[in-house]
Amino acid sequence: MPFQKNHEYRWEPENEIPLDKSPICLKGRIGQKQALNDVPGWQDKVRDYIDELINKKPS
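The opening position of the sequence shown corresponds to residue 1 in the numbering used here, with each subsequent residue numbered one higher.
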């Protein structure tokens with residue numbers, strides 16, 4: 001049973017931009033998965049880099 005709204009232990013997002021419910025999946029090179037886990041805040045950095053790639057695409 002999920003927590004009710006405004007419950008003190010309910011999960012809160014860290015930023016105001018909502019995340020998509022479906023993940024972006026890709027296969028990395030050998031060792032990349034473990035190396036990424038050692039980088040603090042790697043998920044936000046990857047999201048920012050994806051935004052950069054999208055903004056740089058040729059029109």
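C-beta: ideal position from N, C-alpha, C; glycine also.
### Message
Mapping the DSSP letters down to three states, classify residue 56 as helix, strand or coil.
### Response
Looking up residue 56 in the sequence shown gives position 56. Helix.
### Query
CB-CB under 6 Å to residue 42, same chain, minus the five flanking residues each way: which ones, in chain order?
Here the question's residue 42 lines up with position 42 in the sequence shown. So the qualifying residues of the chain are 36.
### Query
What's the C-alpha gap between residue 26 and residue 45?
What you label residue 26 is simply residue 26 of the sequence shown in a count that begins at 1. What you label residue 45 is simply residue 45 of the sequence shown in a count that begins at 1. Between residue 26 and residue 45, the C-alpha separation is close to 16 Å.
### Query
So residue 34 is in the alpha helix (DSSP H); what residue range does that whole segment cover?
Here residue 34 refers to the residue found at position 34 when the sequence shown is read from its first residue. Taken as a continuous stretch (DSSP letters only), the alpha helix (DSSP H) holding residue 34 covers 32-37.
### DSSP three-state assignment for residue 5, whether helix, strand or coil
In the sequence shown, counting from the first residue as 1, residue 5 sits at position 5. It is coil, neither helix nor strand.
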